[in-house]
Structures are given as C-alpha cells and as structure tokens.
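One line per chain: the protein sequences are A and Z, in this order. For the first sequence, the numbering used here begins at 1 and goes up steadily by one. For the second sequence, the numbering used here begins at 1 and goes up steadily by one. The structure under discussion appears below in the form of structure tokens.
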Amino acid sequence: MPARRKTSITSRWEWVAAAVSALLVAGLISLLASQALRPRSPPDLRVSVDAVERRDGQHLVRFTIRNRGTETAADLHVEGELQQAGETVERSTAVLDYVPGGAARQGGVFFARDPRAYTLRVVPRGYQVP
Amino acid sequence: MTPGEAARAGADREFLIGLSRAFGGAVFFSLPLLMTMEMWQFGFYLDRVRIGLLLVLILPLLIVLARFSGFMLTSSWLEDVVDGVIALGVGVAAAATIMLTLDLLGPGMSLREITGKIALQAVPGSFGAVLANSQFSADRAEQRHEKALRRRAGYPAQLLFMAVGAVFLAFNIAPTEEIVLLSARLGPAHAFSVLLLTLILMHAFVFGSRFRGMPERPEGMSGISLFLRYTLVGYAIALLVSGYVLWTFGTLGPQSGGNGAVGLVVLGLPAGLGTAAARLVL
Chain A
1 MPARRKTSIT
11 SRWEWVAAAV
21 SALLVAGLIS
31 LLASQALRPR
41 SPPDLRVSVD
51 AVERRDGQHL
61 VRFTIRNRGT
71 ETAADLHVEG
81 ELQQAGETVE
91 RSTAVLDYVP
101 GGAARQGGVF
111 FARDPRAYTL
121 RVVPRGYQVP
Chain Z
1 MTPGEAARAG
11 ADREFLIGLS
21 RAFGGAVFFS
31 LPLLMTMEMW
41 QFGFYLDRVR
51 IGLLLVLILP
61 LLIVLARFSG
71 FMLTSSWLED
81 VVDGVIALGV
91 GVAAAATIML
101 TLDLLGPGMS
111 LREITGKIAL
121 QAVPGSFGAV
131 LANSQFSADR
141 AEQRHEKALR
151 RRAGYPAQLL
161 FMAVGAVFLA
171 FNIAPTEEIV
181 LLSARLGPAH
191 AFSVLLLTLI
201 LMHAFVFGSR
211 FRGMPERPEG
221 MSGISLFLRY
231 TLVGYAIALL
241 VSGYVLWTFG
251 TLGPQSGGNG
261 AVGLVVLGLP
271 AGLGTAAARL
281 VL
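Written out as structure tokens, the structure is:
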C-alpha cells in the first residue's frame, strides 16, 4: 500500500533538524553548566577614560567601565573628579542601569573646567544587586 | 450595470471588508507594544540597519502566513506576495494611527524618530493584519479551506508556523527592561530550571495538539520521535529567534557579558510557548 507508507515515512530532513536542534540546546546547557561551575564573585569594576572633548562650552569625559566579576552591578553610580594639589575642585556623576558580569558599558561625565589642566579621576561609587 | 461590473463591485467590497478586518487585527495585535514605553525610545536610538533587516526578514514570514491564513482567499503565490506586502502596509497604517492618537508621533520629532518608531511598531501589527482572517473572520467556508490547507502543510511549513509564533511572542517581550533585569538576577541553576520547564510545557502543547489532528501522528510514531522532531526543534527555533530579537534590540551582543546565555533562556520561555501554541492557534 504505497499511500499508507507515505504517511508513516519521516523525511531525512526532519532528523537533520532534530540533530541540529539537539546540538544547539546541548551547547546552551553546557554554557550554563560552565557558568555554574565558575565561582561567583562580586562586581569588580575598572574604569578607563576613552576621550576628553569640548562640547558646547563644557568638557565631556567619555569612559568605559568593565565588570570583571561574575555578578551584575545595577544602578551603578560613577563619579568623575577633577583634583588639584589633592583638593577636589569639581565633581560630576553618571548612573549606569546595568553592568553585567564580564561585560562593559560606556558613559560620560561633563565638567565646566578643562580636565586636561587637572588630575582626572573616574571611579565607581556604589551599586545595587539587581 | 453589466454582470462584469457587478462582479467587480462585489470583489471590491470583499477586499475592503478584508482590509478593514486586517486593520482591526493589526491594532489588536500591536496595542500591547504600542503602549510599551521602551518601544518609543527604541524608535530613535536603534541601529537603522537592524530595523531595516527586521522588515526584510518579516516579509517572507508574512507571505507564507498569507498563503495559509491570509485575509483574502488566495490561489496563487503572486497573490500571497501582494497580501504579505499589504499586511506590512496595514501594520504601518495601524501603528501610525494609534501613535498619532496617543501623541507619540507629532510635530517637533525628527524624521529619524518617526520612521524608526513606525517601522518597529509595524511588525506586530502586520502579523495581526495577516492573522485577522483566521481569528475574526465570519466566513466559515474560507476558514475551512485554509484550515484544510494548514492541516496538509508539510514539515517545513510547520516549522515556519513555529517561527511565526516565536517571533510574535519574543518581539512582544524582548524590548522590555524586565528581560535585562531577569537575566541579571538569574543564576545558572535557575536558568537551567527555566530551560527544563520550557521544554516540559512545550511538549505538553505538542502532545496536546496531536488530539486536534495536527500534527497527524502517523502509526508507530513514538513519544520520543515527537519530542525530537517537534518539541526540541521548536525549542531550537525559539532560541534562534530569541537571539535574533535580542540582538535587534541590542540586549544581546559581544558586550552583554556572561548572562547572554541566561537572557536567551529567559526569552526562550515565551518564544518556546509561542512556537508550540502557534500550531494550535494557527
């Protein structure tokens, strides 16, 4: 009965699709497993200044903040300071929503004074656990 | 009026009814996202290439959907292509109308913002436009015809239905802040439970849909075969679609860090249920 055989035969491509899917899901599971085995560490934040540029009479300091820990820092407050002879002459802050573990985010702080004439410090001040 | 003119007037009337039904479907399907704050911001800051690519990729899905449940009873592929394009157009019109009414579009906005907003919001609406027929139509004969067509659809068409379900649900949830928050909160153990729960729920859907005759389970097809060919493949489609949608919204990328995989699993829950349910609903 050729008609009946046709309905019960599965195309080879269905098994190819199943095999590719199994690989994909197994890959995802092993990725999660490798993350589970890695020890958890609190956010470890490093700031690097990318550029200092003039914008409409202000000075913009663009920075990249990298989280080398595994946990996410949420509502991260980043403070920029201009110092002269150990005294802070100007402060500016930025808030970043999320900096996930192992990820980097960019932001900027504005100053009225030219940061190039002072000692510039951009430091993380605080975050919350999401 | 000659008989020819009368027939044309009838066809015009039929088309206008189909079009207004499509418009209703577009509004119905796109309202949740039209009233989602994140979507208004994405309109202006999202990469133009990604918005364009989204529209290019959505069109073939709409065309195939039009084949199986378009708002007109079509007989040729050319008509389905036309239907798909019209559905996208209706999506644009519905999005623009609602956003104008809600004062989300107006003077003082840049062209970039306006086009970005409309293009993004047109996506869910265009699905609504093309699906309006199977959901709202009173034309039983047309529904029966398309239902029969869908029932006879082969494996590739079934995978496509699954992809449509995944795109629709993933697209509705991916732009929200909640996805970022959940993937930041969830550890690998929780993510793994989400993955497991998704597969169980999806298999329940696949197994349940069997009783509605779709897919018709051939003699001797075991539960494992059903799991591998529908549930697992459906989940893989859901993950791929989730990854694509997250990439489009910029949530997933080289800078997303270790929780990119978790984000995929989190969005994979609604997208996976979308793939499984699409075959029941469509």
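In this text, a Cβ means the ideal position worked out from N, Cα and C, and glycines have one as well.
Looking at residue j and residue i, is the spacing between their C-beta atoms short of 8 Å?
{"i": "Z:L239", "j": "A:L24", "result": "yes"}
{"i": "A:S48", "j": "A:F63", "result": "yes"}
{"i": "Z:V180", "j": "Z:T251", "result": "yes"}
{"i": "Z:L105", "j": "Z:K117", "result": "yes"}
{"i": "A:H77", "j": "A:G107", "result": "no"}
{"i": "Z:A184", "j": "Z:N259", "result": "yes"}
{"i": "Z:P124", "j": "Z:L264", "result": "no"}
{"i": "A:G80", "j": "A:V122", "result": "yes"}
{"i": "A:V61", "j": "A:V95", "result": "no"}
{"i": "Z:G165", "j": "Z:A277", "result": "yes"}
{"i": "Z:L102", "j": "Z:M39", "result": "no"}
{"i": "A:I65", "j": "A:P124", "result": "yes"}
{"i": "Z:L186", "j": "Z:V266", "result": "yes"}
{"i": "A:V20", "j": "Z:A236", "result": "yes"}
{"i": "A:G69", "j": "A:P43", "result": "yes"}
{"i": "Z:A96", "j": "Z:V27", "result": "no"}
{"i": "Z:L269", "j": "Z:V206", "result": "no"}
Taking 8 Å as the CB-CB cut-off, is residue i touching chain A?
{"i": "Z:F161", "result": "no"}
{"i": "Z:A191", "result": "yes"}
{"i": "Z:P188", "result": "yes"}
{"i": "Z:V265", "result": "yes"}
{"i": "Z:R279", "result": "no"}
{"i": "Z:Y45", "result": "no"}
{"i": "Z:A276", "result": "no"}
{"i": "Z:A261", "result": "yes"}
{"i": "Z:L252", "result": "no"}
Please tell me whether residue i has its Cβ less than 8 Å away from any Cβ of chain Z.
{"i": "A:Y127", "result": "no"}
{"i": "A:A74", "result": "yes"}
{"i": "A:P43", "result": "no"}
{"i": "A:P130", "result": "yes"}
{"i": "A:Y118", "result": "no"}
{"i": "A:I65", "result": "no"}
{"i": "A:A18", "result": "yes"}
{"i": "A:S11", "result": "yes"}
{"i": "A:E14", "result": "yes"}
{"i": "A:S21", "result": "yes"}
If you draw a straight line from the alpha carbon of residue i to that of residue j, how long is it in whole angstroms?
{"i": "Z:T198", "j": "Z:A122", "result": "28 Å"}
{"i": "A:Y98", "j": "A:D75", "result": "6 Å"}
{"i": "Z:L54", "j": "Z:D47", "result": "11 Å"}
{"i": "Z:L88", "j": "Z:A129", "result": "8 Å"}
{"i": "Z:G4", "j": "Z:E79", "result": "21 Å"}
{"i": "A:A117", "j": "A:R91", "result": "15 Å"}
{"i": "Z:D83", "j": "Z:A191", "result": "40 Å"}
{"i": "Z:F168", "j": "A:D56", "result": "44 Å"}
{"i": "Z:A11", "j": "Z:Y244", "result": "40 Å"}
{"i": "Z:S126", "j": "Z:G274", "result": "17 Å"}
{"i": "A:D50", "j": "A:R38", "result": "31 Å"}
{"i": "A:A17", "j": "A:T10", "result": "12 Å"}
{"i": "Z:G25", "j": "Z:E177", "result": "26 Å"}
{"i": "Z:R229", "j": "A:W15", "result": "7 Å"}
{"i": "Z:A22", "j": "Z:V90", "result": "7 Å"}
{"i": "Z:L280", "j": "Z:Y45", "result": "37 Å"}
{"i": "Z:V233", "j": "A:T119", "result": "58 Å"}
{"i": "Z:H203", "j": "Z:G223", "result": "10 Å"}
{"i": "Z:A7", "j": "Z:L19", "result": "18 Å"}
{"i": "Z:A271", "j": "Z:S69", "result": "21 Å"}
{"i": "Z:E14", "j": "Z:I86", "result": "15 Å"}
{"i": "Z:R67", "j": "Z:W77", "result": "7 Å"}
Pull the bridge partners of residue i from the DSSP assignment, please.
{"i": "A:N67", "result": "A:L45"}
{"i": "A:Q58", "result": "A:R55"}
{"i": "A:Q84", "result": "A:E87"}
{"i": "A:S92", "result": "A:G80"}
{"i": "A:G107", "result": "A:F63"}
{"i": "A:R121", "result": "A:E81"}
{"i": "A:V99", "result": "A:A73"}
{"i": "A:G126", "result": "A:H77"}
query = Listed in chain order, which residues of the stretch 226 to 244 of chain Z have Cβ atoms closer than 7 Å to some Cβ of chain A?
reply = Within the stretch 226 to 244 of chain Z, those residues whose Cβ lies closer than 7 Å to any Cβ of chain A are, in chain order, L228, R229, L232, V233, Y235, A236 and L239.
inquiry  = By the 7 Å beta-carbon criterion, what residues does the stretch 169 to 184 of chain Z contribute toward chain A?
reply    = Cβ contacts with chain A: V180, L181 and A184.
query = Which of the residues in the stretch 23 to 38 of chain A, read from start to end, lie with their CB under 9 Å from any CB of chain Z?
reply = L23, L24, V25, L28, I29, L31, L32, A33, S34, Q35, A36, L37 and R38
query = At a Cβ cut of 7 Å, what residues of the stretch 80 to 104 of chain A count as close to chain Z, listed as they run along the chain?
reply = Y98, P100, G101, G102, A103 and A104
key: Residues in the stretch 195 to 207 of chain Z having any Cβ partner in chain A nearer than 9 Å   = L195 and L199
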